[in-house]
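Read the structure below first, then the notes.
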Amino acid sequence: MIELTAERFDVGDSIEEFNELAVASGWSDGLPLVPPTPDRVTAVLGHAPEGSPESLGPMAISNGDATLEKIAINAVMAGVPPRLFPVVVAAVDAIMDPAFNLFAVQATTSSASPMVVVNGPLRRELGFNCGAGCFGPGWTANATVGRALRLVMLNIGGGRPVALSTPGIEGLDCATIGFPGKFGMCVAENEEESPWEPLHVERGFDAEESTVTVFAVDSTCAVRDNASQNAGEVLASLSHAMGRFGTANLLFGGRPAVALGPELAAIVGREGWTKSEVKEFLFEHARLDFSLVPPNQRDRHLVARSRWSEEQRLPICDEPEHISVLVLGGPGPHEVFLPTFGSSRPITRQITR
Amino acid sequence: VTVVSDAFMPLATGERQALGQPGLPLAVVPHPVASRPEAELVELGGGLVTDVIEALTGGSA
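As given, the protein sequences belong to chains D and Z, one line each in that order. Using the working numbering, read the first sequence as starting at 124 and increasing by one per residue. Using the working numbering, read the second sequence as starting at 72 and increasing by one per residue.
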C-alpha cells in the first residue's frame, strides 16, 4: 500500500468548505470537486496498476512530480470511481510521452487539449460509452476520466488558465479562447459497429488488449450528411469540412483525426474500402485551394509545411497515414472532423490493472 | 535571453521557475507580435537591443 504523503487540510465535513478552499488554492476547474479524503484516495490507489512506479516523472509545464498519489487525488476530485483509476494512469502516462509535446499543448494560445479514446474489452466492462452521444453528457466513465486527466494537467502540470494567475502561482495555459473539451474529453470507439479494425489494433496492439490513445484535439467540427449514398460522397463531404481556411493542421500539418458515425461508416465499409483507402481519399481531397487565400498570406501557410508549394493544393497533413479514422456514436447521419495541435502525435498506452 | 511579449509574462516567469532558473533574463516586447507588419517588427527588435546586451553582459551596455 502506498503511504499518503500529501499535505492535509482540515476543512470540516462540508463539501462547500472544501470547494471554497479548492478555488482559493487554484485546484479547481470551476465545477464542484469531490473532497479527496485519505479514505477516498486510498480506495483509488487500491486500483493502481500492478507494478506501477511511485511517480510517472515531472509533468510539463511546471515539472510537477506526477506521483500516483497526486494522480489519485485528482481522480478523486474529478469523481472517478476507483475501478477506473487504471484508465486515468494510462492516459496520464500517454500525455507524458515526449512525442505528445505536452509542454506546447498546455501552453499554446490554441485550444488544444487531450481527447482520450478507449479501445478493447475494458470499454464495455468499465462502462465507457462508445455509442449514441458518446461525447456526453451522462456517462460517468467518459466524464470523470476526461476530467481527471484535465485536473492532473492543471494541478500537477501547472496548466491553469493564465487569467487565473496569482502572485507565486502563474497560470501557464495561454489559450486565447479554449473550448469545452478542456473540461475533459474521453470517448470509446464503437468497435462492434465499425467496418474496420479498431484503432488500437491498427496501432499494434491485440484486439483483446485494452488501450487509451490520446490526441491533442482543438475542436470538434460536426458534419451532417443526410444526402450521401456511396463511399465517395460520404468522404467528400467530410473532406470539405477538413480542408478549410484557418484549420491548424493546414498551417502546421500534424496528425488530424476524423470520426464517422456507424451509419456513414457502414456506407463506406460495404463498398469494401479499407481504412488506408479512406485515409488516401481524405488526403487527396481535404486540401486548401490557394486561390482562396489572399496572395500576400500564402507564404505564411507554408512556413511549417515546407514540403508543399503554392502550385499545389495544400493537404491537411503530410502523409495519408497521419490521419486517424475512428468510428464513434450511434444512429444518425453524422461524422466529425477533429483538428489537432500541429506539433503533437497521438500516443497509445495499454491499460493495465 | 528569452524574448517574450508582455501578455505571456506569467508563462515565461512560471517556466523559468520550473526550470530552476528564476533569474533567467527576459526581454519584453508589447503584445501582440505575430500580427504586426514587418516595419513594426524591426522597430520592436531595435528596442530590445539594449535590454539584450545588458542581460548578456550583466548590465554593462
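Just so you know, even glycine gets a beta-carbon here, dropped at the ideal spot from N, CA and C.
Contacts that Leu295 (chain D) makes with chain Z (C-beta to C-beta distance below 9 Å): Those within 9 Å of Leu295 (chain D) in chain Z are Pro81, Leu82, Gly85, Glu86, Ala89.
C-beta neighbour in chain Z for Asn186 (chain D), strict 9 Å: So yes, Asn186 (chain D) belongs to the interface.
Where Asp296 (chain D) falls: helix, strand or coil (DSSP): In this structure, Asp296 (chain D) counts as strand in the three-state DSSP scheme.
Span of the alpha helix (DSSP H), counted from its first residue to its last, around Gln88 (chain Z): Secondary structure note for Gln88 (chain Z): its alpha helix (DSSP H) is the uninterrupted segment 80-89.
Simplified DSSP state of Val104 (chain Z), which is helix, strand or coil: If DSSP states are grouped into helix, strand and coil, Val104 (chain Z) belongs with coil.
Minimum length 4: unbroken alpha helix (DSSP H) runs contained in the region 145-185 of chain D: For the region 145-185 of chain D, whole alpha helix (DSSP H) runs of length 4 or above, ordered along the chain, are 161-168.
Short CB-CB distance (under 9 Å) between Gly281 (chain D) and chain Z: By this cut-off, Gly281 (chain D) is an interface position.
Cutoff 9 Å: Ala98 (chain Z) Cβ touching any chain D Cβ: When Cβ-Cβ separations below 9 Å define contact, Ala98 (chain Z) makes no contact with chain D.
Nonlocal neighbours in the same chain, by C-beta distance under 7 Å from Arg468 (chain D), ignoring five residues either side: Excluding sequence neighbours, Arg468 (chain D) sits near Ala222, Phe223, Arg378.
Short CB-CB distance (under 9 Å) between Ala78 (chain Z) and chain D: Answer yes: the Cβ-Cβ gap between Ala78 (chain Z) and chain D drops below 9 Å somewhere.
Contact set for Glu314 (chain D): own chain, Cβ-Cβ below 6 Å, skip 5 residues either direction: Here Glu314 (chain D) has Pro321 as same chain residues with Cβ atoms under 6 Å from its own Cβ, once five neighbours each way along the sequence are excluded.
is_contact[Ser351 (chain D), chain A] using C-beta, thresh 9 Å: Going by chain labels, chain A is absent from the structure shown, which instead holds the protein chains D and Z.
Contact with chain D by Ala110 (chain Z), beta-carbon distance below 9 Å: So, not an interface residue.
Short Cβ contact (9 Å threshold) for Pro96 (chain Z) with Glu293 (chain D): Cβ distance not < 9 Å, so Pro96 (chain Z) and Glu293 (chain D) don't count as in contact.
Residue nearest to Val228 (chain D) in terms of C-alpha spacing, selected from D:Gly282, D:Glu403, D:Glu130, D:Phe306: For the residues D:Gly282, D:Glu403, D:Glu130, D:Phe306, the minimum Cα distance to Val228 (chain D) belongs to D:Gly282.
Any C-beta of chain Z under 9 Å from that of Val215 (chain D): For Val215 (chain D), no Cβ of chain Z is located within less than 9 Å of the residue's own Cβ.
Same chain only: Cβ atoms within 8 Å of Gly91 (chain Z), ignoring 5 sequence neighbours per side: Cβ neighbours of Gly91 (chain Z) beyond the five flanking positions: none.
Whole-angstrom C-beta distance between Pro209 (chain D) and Arg476 (chain D), which should lie under 8 Å: With 8 Å as the limit, Arg476 (chain D) and Pro209 (chain D) qualify as a contact, their Cβ atoms being about 5 Å apart.
Close-in-space but distant-in-sequence residues of the same chain around Glu332 (chain D) (CB under 6 Å, 5 per side omitted): Cβ within range, chain order: Gly243, Gln473.
Contacting positions in the region 294-314 of chain D - beta carbon closer than 9 Å to chain Z: Residues passing the 9 Å Cβ filter: Gly294, Leu295, Asp296, Cys297.
Neighbouring residues, chain Z, relative to Val167 (chain D) (Cβ below 7 Å): In chain order: nothing, as chain Z lies at least about 27 Å away.
Buried/exposed call for Pro418 (chain D), threshold 16 Cβ in 10 Å: Classified as exposed, Pro418 (chain D) has fewer than 16 neighbouring CB atoms from the shown chains inside 10 Å of its CB.
Test: Val459 (chain D) CB closer than 9 Å to a CB of chain Z: Closer than 9 Å: no.
Which of helix, strand or coil DSSP assigns to Ser432 (chain D): Of the three classes helix, strand and coil, the one that applies to Ser432 (chain D) here is coil, per DSSP.
Contact under 9 Å by Cβ, Val335 (chain D) with Thr160 (chain D): No.
Distance between Val240 (chain D) and Ser399 (chain D) (C-alpha atoms, nearest Å): In a straight line, the C-alpha of Ser399 (chain D) is about 20 Å away from that of Val240 (chain D).
Burial state of Val120 (chain Z), where buried means 16 or more other Cβ atoms lie within 10 Å: For Val120 (chain Z), the number of other beta carbons within 10 angstroms of its own is below 16, and it is reported as exposed.
Buried or exposed (CB count within 10 angstroms, at least 16 for buried), Gly116 (chain Z): Within a 10 Å sphere around the beta-carbon of Gly116 (chain Z) sit fewer than 16 other beta-carbons, which makes this residue exposed.
Endpoints, alpha helix (DSSP H) assigned at Pro237 (chain D): Note, Pro237 (chain D): premise wrong, no alpha helix (DSSP H); beta strand (DSSP E) at 236-242.
Under 8 Å by beta carbon: chain Z residues contacting Ala235 (chain D): None at all; the shortest Cβ gap to chain Z is about 15 Å.
Ile138 (chain D), buried or exposed, once every other Cβ within 10 Å from all chains shown has been counted against 16: With fewer than 16 Cβ atoms within 10 Å of its Cβ, Ile138 (chain D) is classed as exposed.
Sub-9 Å separation of Phe306 (chain D) and Arg273 (chain D) beta-carbons: A distance below 9 Å separates the beta carbons of Phe306 (chain D) and Arg273 (chain D).
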